[in-house]
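Positions -19 to -1, 1 to 711 (mature numbering (1 follows the signal peptide of the UniProt record, and there is no 0)) are the ones given, in order, by the sequence shown.
Below is one structure; the comments refer to it alone.
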Amino acid sequence: MLSLTVLVGVLQLTTSSWARGVVRTNKRQSFDFINITQYNSTPTPVEVSVFLNAGGRNQTAPLLYGWMHEDISHSGDGGIYGEALVNRAFQGSGATIGALPGVPGSSVVSSENPILPWGPVITGWQGIGSVDLSLTLLHPLSDALRVALQVDIPFNATGEVGILNEGWWGMDVRPGTYNASFYILSDKPRNNGSLSHIDLSLRSNLTSDIWATTSIPFSNGTNISSFEWTQYSAQLENTVRAPNSNNTFAITFDASEVAGNTYYFDLVSLFPETFHDRPNGIRRDLGQAIVDLGTKVLRFPGGNNLEGYSIEQRWKWNETIGPLRYRRGRVGDWGYTNTNGLGLMEYLQFCEDGGIEPVLAVYAGYSLDIWGQDGVSFPEDRMGDVLQDILNELEFVTGDISTPYGALRASYGHPEPFSLNYVEIGNEDWFSSTYPYRFPILYNGIKQAYPNITLISTAYNENANYNISIPAGGMWDTHHYEEPSFFLESFDYWDNWQEATNNEGVTIFVGEYSVFQIDTPDGVVNFSMPLGEHIFFPTLMAAIGEGVYLLGAERNPNVVKMSSYAPSLLNLNWQNWTPDLVAFTADYDQTVLSASYYMEQMFALHRGAETLPVTTVQGTFDPLWWVATAEQGDGVVYFKVINSGNSSVPLTVDFDRTFSAVNGTILTHPDLGAFNYLDNATAVSPAPITNLPAIAAGQTAFTWAVPAWSINVLEFEMGTATSTNWSTVA
């Protein structure tokens, strides 16, 4: 994904011209999606023959439909990471990157901390009662978490006093168990009285309602330590559903017990029930949405967020593991600080729980820089340091407990090695001038140590100054943020790609793609996202364009092995990049699945085991696009067909054996620009096809008018082979 810092340099370019090595003219090519959708003449009927009894099959790509995640648009902290509290450990804040008049490149133009960009702030916290809140460096929780919240309680305080956290733009409260924890330290000179309890509660931010509460009791004469930090934990059992997400989490005292005292808090945490009930786990509804799509592969942790705004601020895998008190966090690449709570093991555990194949992107010695486009790279004679760090990471993931890093992983609760078959070397390294020396050093070094891991290059021919030679057995991660017409034009792009480009044995991971804007006269993608051109939420038109491209991928399972839409998740309160596959807020009931999500889900859940040969008897591709696959044993055939035109098209499908039943699912809408949003979350959503014709015994041909602007999956229950003598498929 293009970073905020490099957008200025690419506004007049398209990522596809780099990713495909194709020179696109400034004029629209002969294929115009706008004209297709407005074409009113009677379309030509289409008839195709599907062969189950002939040869020419290929196994489908089992990992074709995947997911890409990096912490962008607060999709990690404040998103898929289950932590409900914002700024829980005062690790940093946000800053805006942009242009300053007369200053070349990009600069920090505003900062939440006005003195120190990305520095600690008190955002998200409020005092209850007459307390004073401030930050302190005098009492670090650890070498990683060096800033704490200081709570001063006046001598004349009365009633309830304490602190509350507003959550990530609110807090979802519904029946279930909430796991709370915090570290606290008292100030010795200001530690008076005898504490009997600390109260924890979930409460409304709009009314006086308290949804759930619990207490941490203290024995007579016991008080909070002033010598060392103490962690307290408790569970809140909630039985009610708050009417909205404008809620808070509070830690309170009885002022009669603590007036005149000072307390320090750090790493204050609240987790609702998570995906698979994992501690420090994944937000349940978003994790389920990923799995429900039919996701088979997850690429993480980036994306630009892998690389860092500087070498020091890169995603350091070893700072994302272990107890949270030792994870310092980092300046993320999308304008805000990352807590590193969503770390290497959390990603891998989610993959394990969800039955998903991980694609681990490793830092490859190149970091972005807010001041310019090319960033900064490790020099060639220092790349051994980068390689060793990668090898340490891979040992942590896959090593047995006899290895140092495997033993470390086991000490963190996962004695068995994680499965890891794919490693991506960097991210969009065609932005740099140094990948030609970085890639072979890392590829050869990793391959020598881990010969069975498939390695993925993030560059091939995108940079005008060099090509990357990808060894046979390797993969190329190619990215496309385009107009709908690009994806329709590219339906057959992967046909014979290996032979045409002399890349025998190299396969493809379409690691990022989306329809980014509507078709324009010049066909140039404008990354400044202008109103009237940019697609902010995936529309039916976008899903159709992307779907046609994915059908082309399904037709070439020997070449295209994996794909993932990007970005995947959008917090509607913080938008770095649109469109996104899923939009959400703090309220779980406001999670919105897009038209593109539903298209992918339809395809992923009806992938089939083998592609089937299909020949055209009448008509051509455009506006119908199709592919046929069969489940193991040929008992079920899936015929996916998309109509990108504005008129229905008669379709006949002939089989070389009988079928006994057919049903189908359709994704369509009268408005090609329709999209799902909070106030209409299912405007474009799958529905059963209700007008399919009746099926007679012994039937081998199926005829149906494919509706305009529609994405369809037809499912045929097949009979035994017939004696139909069709010509051999070419």
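A virtual CB, placed ideally from N, CA and C, is assigned to each residue, including glycine.
Counting the other CB atoms within 10 Å of its CB gives Asp500 a total of 16 or more, which places it among the buried residues. Residue pairing for Pro502: DSSP places it in no beta bridge. Nearest Cα to Gln131 within the set Pro156, Asn94, Tyr159 and Arg171: Arg171. Exposed is the label assigned to Gly365, since fewer than 16 other Cβ atoms lie within 10 Å of its Cβ. In the DSSP assignment, Ile371 falls outside any beta strand (DSSP E) and within the unbroken alpha helix (DSSP H) covering Met364 to Thr379. Three or more beta-carbon pairs drawn from the segment 229 to 237 and the segment 139 to 151 are found closer than 8 Å, and the two stretches are therefore classed as touching.
Judged by DSSP in its simplified three-state form, His515 adopts strand. Around the Cβ of Pro260, a 10 Å sphere holds fewer than 16 other Cβ atoms; the residue is exposed.
Contact check for Phe636 against Thr681 passes: the beta carbons are separated by less than 8 Å. Here the segment 54 to 71 makes contact with the segment 318 to 326; the two share three or more CB pairs at distances below 8 Å. The beta carbon of Glu591 sits closer than 7 Å to those of Arg38, Asn39, Gln40, Thr41, Thr610 and Ala611, all from its chain and outside the five residues before and after it, given in chain order. Rounded to whole angstroms, the separation of the alpha carbons of Thr482 and Pro538 is 17 Å. Look at Glu327 here: in three-state DSSP terms it is helix. Contact check for Ala138 against Gly108 fails: the beta carbons are separated by 8 Å or more. By the neighbour-count definition (other C-beta atoms within 10 Å, threshold 16), Ile191 is an exposed residue.
Contact check for Ser545 and Gly47: beta-carbon distance about 4 Å, within the 8 Å limit, so the pair qualifies. Sorting Phe208, Leu126 and Pro156 by C-alpha distance to the C-alpha of Leu166 places Phe208 at the top. In this structure, the CA atom of Ile422 is about 30 Å from the CA atom of Ile53. The closest CA to that of Glu527, considering only Val506, Lys169 and Phe497, is found on Phe497. Going by DSSP, Leu521 is part of the alpha helix (DSSP H) stretching over Leu521 to Glu535. Residues Gly73, Ser74 and Asn94 of the same chain have their beta carbon placed closer than 7 Å to that of Gly100, with the five preceding and five following residues left out of the count. Comparing alpha-carbon positions, the option among Asn552, Val89 and Met522 lying closest to Gly316 turns out to be Val89. Pro669 counts as exposed, since fewer than 16 other beta carbons sit within 10 angstroms of its beta carbon. Straight-line measurement puts the Cα of Leu251 at about 23 Å from the Cα of Asp133. A direct Cα-Cα distance of roughly 7 Å separates Gly454 from Thr435. Taking 8 Å as the cut-off, the Cβ atoms of Leu521 and Ala576 count as close.
The segment 201 to 220 makes contact with the segment 170 to 189; the number of CB pairs closer than 8 Å reaches 3 or more. Counting along the chain, the unbroken alpha helix (DSSP H) around Ala270 starts and ends at Arg265 to Asp273. Of Ala215, Ile623 and Thr188, the smallest CA-CA separation from Ile692 is found for Ile623. The bridge partners DSSP lists for Met49 are Arg280. Secondary structure at Val622: strand, using DSSP grouped into helix, strand and coil. The segment 585 to 605 makes no contact with the segment 659 to 669; the number of CB pairs closer than 8 Å stays below 3. Counted as a single uninterrupted DSSP element, the alpha helix (DSSP H) harbouring Ser392 occupies residues Pro385 to Ser392. Contact annotation: Ala345 and Gly284 have beta-carbon atoms that are not nearer than 8 Å. Looking at the DSSP output, His461 bridges to Tyr494. Taking a cut-off of 8 Å on C-beta distances, the segment 211 to 225 does not touch the segment 550 to 562, as fewer than three cross pairs fall below it.
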